[in-house]
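Chains as they are written, first to last, in the working numbering: chain A, 2 to 256; chain B, -8 to 745. Just so you know, even glycine gets a beta-carbon here, dropped at the ideal spot from N, CA and C.
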Amino acid sequence: MRHFCTSNITAWLCAACWALAPASAPANGDAETGDPTGHEFYFTRGIYGGGEDDDWGPRWAIDYPTADQQFLIALRRLTLVDAFPSDNAVPIDDPRLRDYPFTYILEVGALSLDEAQAQGLREYLDKGGFLVIDDFWGSWAWRNFETQMAKVFPDRAIVEVPMEHPVFHAFYDVREILQVPNVYQARGGPTHELDGYQPHVRGIFDDHGRLMVLINWNTDLGDAWEWADNPRYPLRYSTYAYELGINFVIYAMSN
Amino acid sequence: MGVFEFLFKYPATLYRQGTLQLEHGWMAYALAGALAVLAALTLAQYLSRSLPLRRTDRLVLAGLRAAWVAMLVLMLFAPVLTVTVAQTLRGDVVLLLDDSQSMRIADAAGMTRGARLRELFAPGGGELSRALEERFTVHHVGFGLNAGRIAGNSVLNFAAPRSDLADALEHARTRLQGATLGAVVLVSDGGAALSDDLQSELLAYRAAGIAVHTVGIGAPRFSDDVELATVSVPERLFPGDLLRAEVTLRQRGAAGRQLNLQVTEDGVLLHRQAFEVPRTHSFTLPVTVAPLKAPGTHRLSFAVTSDADDQLPANNRLDVPVQLASAPVQVLHFEGEPRFEVKFIRRAVRDDSSLQVASLIRTAENKYYRVGVADAEQLLTGFPEEPAALFGFDVIVLGSVAANLLNAAQQQLLKDYVARRGGALLLLGARQAFAEGGYAASELSGLLPVRLQEKQSGFRTRVSVTPTAIGALHPVVQALSRTAPGDGLPALPALTLVNPLLAVKPGATVLLEGDDGGPEPFVVLAYQRYGRGTVAVLATRDTWRWQMHSSVASDDMTHETLWRELFRWLARPVRPRIELQADPAYPVPGEQMRITATPLDTGYQPLLAADLRLVVTTPLGDRHTLPFSPRPGENGSYDAVFTALEPGLHELEATLGDEADHAVRRAAVEVLPAGEEFRGAELNEPLLRHIAAATGGRYFRSPEAGGLDRAVADVQGDTRIEKRLPLYDAPALFVVLVVLIGAEWFYRRRRGLA
């Protein structure tokens, strides 16, 4: 399995993740420290209600916390970001979310926002927060997500983020959009789920052209982070997912 | 002629002032010797036994003869009275007569100053003119902006918008070189300042030994007047800035009165404030005018409402040019690691077209992410190492940048940037800042306004921010306090400190403090001047919480205000590449204005051969392109000369270099209309006294100027001479001689010896 580790990034990640994997019990960094000021950056996972999955538990917690922790290992190793080293899950309607200008939410096919949540999210984003959406597939999930985001921004369009946008070049030069499959499909066969054949990176911009919401549709960066230490998970996808994720963080902290 | 003067030829006063001497010094010794010999011979003759005389007769006769012979010898040796007297030959005296508008003020013995001047000094008719003309050749010179000889009363019309005393004195001294200039009489209300030119001219008079007597016309204090004296506005403002002006007023007899000050632009009222006139003669009103929006030059009129009692309503208004920068402030924000402060600072200023922030973020060991750069090349290789690349920024922000991230050349460059270029440096709190970033042992520690403590890597506390007493008066803090909701800054979310800064250096000013409940407040915002520039510290690590925190309302602008005001304040005093100065600052039509430019190269070193041009745009829209020429004796400074013909706003644009190295500086000069002479128009006795004292002359108030002709005669510097008045023919000497001879004859007769 070591033959998968052909790049510097992945070689290091493999070693680190092997060591960390057993300690992947859910934990909330903020809850542990009670202080959001110890580090510059907290990888904050947004907790939302509804969408319970029989097999995987709450949908907000898919890949949690391993994906978060393994992404943070790479982020801390490869960049100078002073990142809190562990996961940090915060409900999206919790005022504490405003202490963390970067939030990651996934599996939004079943997301359901009430008015208060939508307003809270709108204020969070208008004030400067940055939201990354990941791991939802197909037209049904898209329609639901679109509907929910319309509650947040009724008058803002969701548009394709062009490849020349700085978010693709803030740290790594990402030149193409890959479809990152889940850990099972990565072993072979089609990489898509449902009818999500084409991966997209879309976004919602504010009036000044700042990217507020980054939407990874028909792709699963979280799985690539989570299973980066799995020898069967293709290096190509995990490398891409790390590059893209690090770009998101650098961009979000600077723009 | 009294008896004394008859006997001794000269008045007693001359004897008191003078000394008795012989015509030549050596004669005194010869006389003493001769007298001694004569006395000895005479005595010897009379005491010889050959004469049949009694001893008493011998002594009396010997004494009398010796006395009249001695008297005769004394007369032969030419005794003189040496006195120092004024040259009584007819000399040249110049009467410099003030012909400016302020002479129209009616405060001189119930008439206008001009009428009083005419009464005393008009050519041919003035009472004092006549007295002078009897003894001297008098030249009448009228002066305002320029000086010129005048022949008759009608030439003085008191219309000149300003009086230039230095020019008038120079005119008198240099134009009348052919004449034997003995003294100058300056008749004026002294409506001018003691300029360098005037000081130089007084020195020239002193050196030439020409006394300037001054005669003050007018009243040294008005009875009732409110005057708008000066308006001070910042040299550099940006669109959207509040205009904070300082208006200085002077009053006489108006204490306690309620007046209004208003500011207008093109007739549109921008600001109005009521005030009570204090008891002090001079006082200053701080005035805050609503932000001006459009870049370029604005002409604001400041005016005080006058009432019927106001003696001089003409001095109640002043038009002031205000320049709003059209080019944005260039800010370089350098971070040694990615931080949310970068994002939120950029966000805070994004709506402010006067601020342009280029962010350089070190994202990995040798990797940089640039945001907001001007072009693909800017900051490509990281933090600049060349002056040309760094000095283009007005403000430099160092965030979490360890001191050793900057090499020795870059640290020196930063010092030069502040000290020589006059830039502003702002250091932010962060884990790699201040002592925690290794600054205590770096070259940069000297720049900082704060004293660095021991390095405390794990230090972290949260503070609520409060203004200091002096900070509460600072424009940045005032703007913050206006914007902050509810209870002001302390009610805002606590911010994080990871650098314990507790003390500032002498001369530094603390504007904001941080309270974490401990015994001592932390320094949050402080600054000091360093060289020509400013160094400030903002010690908190996460001002973005004032934007993002859940307790901060969506429409709250405190965070935006903090960064906009901070950058604008830091950039305002930053040194421009072309310094431009007009002299006088407020000329009047017809007055020559000297515009001095000091251009600098991209490294802010003086340019000794600058390609520099000046364009003056008049109120009528005429453009005059003028050359600059090197200023003698001042390397790197260039002068251009322009004479405005009409009042109003004149815009100046100095352009340096070509397309490769281009810099432009814009300024404006308000050419004041007629009536300007009524500002500061009380009789300026201190100036006139100074002129007189500096040149050996005397000062006279107009009612008591009667002794002027004698003063001119008596006090004429080099024209005073030493005179030796002969005394050999003084009647008193003959009387003594005759008395002595007669006494001898009479004694002989009485004793039967004749």
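Rounded to whole angstroms, what is the Cα-Cα separation between Leu561 of chain B and Phe149 of chain B? Counting from one through the second sequence, the residue named residue 561 of chain B turns up at place 570. Counting from one through the second sequence, the residue named residue 149 of chain B turns up at place 158. About 48 Å.
Alpha-carbon to alpha-carbon, Pro677 of chain B and Ala61 of chain B: For the purposes of this step, residue 61 of chain B is identified with residue 70 of the second sequence, where counting begins at 1. For the purposes of this step, residue 677 of chain B is identified with residue 686 of the second sequence, where counting begins at 1. Their backbone Cα atoms lie some 59 Å apart in a straight line.
Pairwise C-alpha distance: Phe382 of chain B and Glu570 of chain B: For the purposes of this step, residue 570 of chain B is identified with residue 579 of the second sequence, where counting begins at 1. For the purposes of this step, residue 382 of chain B is identified with residue 391 of the second sequence, where counting begins at 1. If you take the alpha carbons of Glu570 of chain B and Phe382 of chain B, they lie about 16 Å apart.
Along the chain, where does the alpha helix (DSSP H) that runs through Val767 of chain B open and close? Here chain B has residues from -8 to 745 only, and residue 767 of chain B is not among them.
At 4 residues or longer, what runs of the alpha helix (DSSP H) sit wholly inside the region 336 to 416 of chain B? 378 to 381, 399 to 410
For my contact list, Thr38 of chain A and Thr487 of chain B are in at a C-beta cut-off of 8 Å; report their separation, rounded to the angstrom. If you number the first sequence from 1, residue 38 of chain A lands on position 37. If you number the second sequence from 1, residue 487 of chain B lands on position 496. Correct: roughly 4 Å between the Cβ atoms.
Best match in A:Arg176, A:Trp228, A:His170 for proximity to Thr67 of chain A [C-alpha to C-alpha]: Position 66 of the first sequence, counting from 1, holds the residue named residue 67 of chain A. The residue with the shortest Cα to Cα distance from Thr67 of chain A is A:Trp228.
Alpha carbon to alpha carbon, how far is Ala220 of chain B from Thr255 of chain B? By 1-based counting over the second sequence, the position of residue 220 of chain B is 229. By 1-based counting over the second sequence, the position of residue 255 of chain B is 264. Distance between the alpha carbons of Ala220 of chain B and Thr255 of chain B is about 17 Å.
Kindly indicate the opening and closing residues of the alpha helix (DSSP H) around His550 of chain B. In the second sequence, residue 550 of chain B corresponds to position 559, counting from 1. Counting along the chain, the alpha helix (DSSP H) containing His550 of chain B begins and ends at 549 to 562.
Out of curiosity, what's the CA-to-CA distance linking Glu735 of chain B and Val84 of chain B? Along the second sequence, one-based indexing puts residue 735 of chain B at 744. Along the second sequence, one-based indexing puts residue 84 of chain B at 93. Straight-line Cα distance between these residues: approximately 58 Å.
Does the region 374 to 391 of chain B come close enough to the region 189 to 203 of chain A to have 3 or more Cβ pairs within less than 8 Å? no
Can you find the residues in the same chain that come closer than 6 Å, C-beta to C-beta, to Asn257 of chain A, ignoring five residues on each side of it along the sequence? The structure shown has nothing for residue 257 of chain A, since chain A only spans 2 to 256.
Pick helix, strand or coil for Thr33 of chain B, following the three-state DSSP scheme. Position 42 of the second sequence holds residue 33 of chain B. Here Thr33 of chain B sits in helix by DSSP.
Name, please, each residue of chain B whose Cβ falls closer than 8 Å to the Cβ of Phe172 of chain A. On the first sequence, position 171 is the one that residue 172 of chain A refers to. Result: Thr354, Ala355, Lys358, Tyr360.
Could you say if the region 425 to 433 of chain B and the region 459 to 477 of chain B meet the contact criterion of at least three C-beta pairs nearer than 8 Å? No, because fewer than three Cβ pairs between the region 425 to 433 of chain B and the region 459 to 477 of chain B fall closer than 8 Å, the two stretches do not touch.
Could you spell out the range, first to last residue, of the beta strand (DSSP E) harbouring Asn675 of chain B? On the second sequence, residue 675 of chain B is found 684 positions in, with the first residue counted as 1. From DSSP, Asn675 of chain B is part of no beta strand (DSSP E); its letter is neither H nor E.
Output, in chain order, the set of chain B residues within a Cβ distance shorter than 8 Å of Leu81 of chain A. On the first sequence, residue 81 of chain A is found 80 positions in, with the first residue counted as 1. Going along chain B in sequence order, the residues near Leu81 of chain A (Cβ under 8 Å) are Gly327, Glu328, Pro329, Arg353, Thr354, Ala355, Glu356.
Buried or exposed (CB count within 10 angstroms, at least 16 for buried), Asn251 of chain B: The residue given as residue 251 of chain B occupies position 260 in the second sequence. Looking at its Cβ environment, which holds fewer than 16 other Cβ atoms inside 10 Å, Asn251 of chain B is exposed.
Anyone know if the C-beta pair for Tyr105 of chain A and Tyr43 of chain A falls short of 8 Å? By 1-based counting over the first sequence, the position of residue 105 of chain A is 104. By 1-based counting over the first sequence, the position of residue 43 of chain A is 42. Contact flag unset, no.
Excluding the 5 residues preceding and the 5 following Thr279 of chain B in the sequence, name in chain order all residues of the same chain whose CB lies nearer than 6 Å to its CB. Along the second sequence, read from residue 1 onward, the residue named residue 279 of chain B stands at position 288. Within the same chain, Thr279 of chain B has close Cβ partners Leu233, Arg235.
Could you confirm whether any beta carbon from chain B is found closer than 8 Å to the beta carbon of Asn219 of chain A? Residue 219 of chain A sits at position 218 when you count from the first residue of the first sequence. Chain B contact via Cβ: absent.
Between B:Arg45, B:Ala544, B:Asp301, which lies nearest to Arg742 of chain B when the distance is taken from Cα to Cα? As a first step, residue 742 of chain B must be located in the second sequence, where it is residue number 751. Closest option to Arg742 of chain B, Cα to Cα, is B:Arg45.
Neighbourhood of Lys714 of chain B by C-beta distance below 8 Å, restricted to the same chain and skipping five residues each side: Locating residue 714 of chain B in the second sequence gives position 723, counting from the first residue. Excluding five sequence positions before and after Lys714 of chain B, the CB atoms of its chain that fall closer than 8 Å to its own CB belong to Thr73, Val74, Thr75, Val76, given in chain order.
For Arg107 of chain B and Ala99 of chain B, believed in contact at Cβ under 8 Å, the rounded distance: Here the question's residue 99 of chain B lines up with position 108 in the second sequence. Here the question's residue 107 of chain B lines up with position 116 in the second sequence. 4 Å between Cβ atoms; contact.
Exposed or buried, what is Ala32 of chain A when buried is set at 16 or more other beta-carbons lying within 10 Å of its beta-carbon? Along the first sequence, one-based indexing puts residue 32 of chain A at 31. Residue placement at Ala32 of chain A cannot be trusted, given a pLDDT of 44 that sits under 50; the coordinates are not used to answer.
Count the CB pairs spanning the region 510 to 524 of chain B and the region 436 to 444 of chain B that are closer than 8 Å, and state whether there are at least three. A contact exists between the region 510 to 524 of chain B and the region 436 to 444 of chain B.
Can you list, in chain order, the residues of its chain whose CB lies under 6 Å from that of Asp155 of chain B, leaving out five sequence neighbours each side? Translated into the one-based positions of the second sequence, residue 155 of chain B becomes position 164. The beta carbon of Asp155 of chain B lies closer than 6 Å to those of Leu136 in the same chain, with the five residues before and after it left out.
Considering only C-alpha positions, which residue in the set A:Gly129, A:Ile74, A:Arg144 is nearest to Arg536 of chain B? Along the second sequence, one-based indexing puts residue 536 of chain B at 545. Of the candidates A:Gly129, A:Ile74, A:Arg144, the one whose C-alpha sits nearest the C-alpha of Arg536 of chain B is A:Gly129.
Does His653 of chain B pass the burial test, meaning 16 or more other C-beta atoms within 10 Å, or should it be called exposed? Here residue 653 of chain B is taken as the residue at index 662 of the second sequence, counted from 1. His653 of chain B comes out exposed.
Would Glu642 of chain B and Pro580 of chain B qualify as a contact pair, given that the criterion is a beta-carbon distance under 8 Å? Walking along the second sequence from the start, residue 642 of chain B turns up at place 651. Walking along the second sequence from the start, residue 580 of chain B turns up at place 589. In this structure, Pro580 of chain B does not lie closer than 8 Å to Glu642 of chain B by Cβ.
When you compare the CB positions of Pro329 of chain B and Val82 of chain A, do they come within less than 8 Å of one another, or not? The residue you call residue 329 of chain B lines up with position 338 of the second sequence. The residue you call residue 82 of chain A lines up with position 81 of the first sequence. Contact flag set, yes.
Counting contacts by CB-CB distance shorter than 8 Å, is Pro96 of chain A in contact with chain B? Counting from 1 along the first sequence, the entry for residue 96 of chain A is found at position 95. For Pro96 of chain A, the answer is yes, since a Cβ of chain B falls inside 8 Å of its Cβ.
Residue range of the alpha helix (DSSP H) that Asp187 of chain B falls in? Translated into positions along the second sequence, residue 187 of chain B becomes position 196. Taken as a continuous stretch (DSSP letters only), the alpha helix (DSSP H) holding Asp187 of chain B covers 187 to 199.
Residues in the same chain with beta-carbon distance under 7 Å from Ala410 of chain B, minus the five sequence neighbours each way, listed in chain order, please. For the purposes of this step, residue 410 of chain B is taken as residue 419 along the second sequence, with counting starting at 1. Only Tyr521, Gly522, Arg523, Gly524 meet the Cβ criterion.
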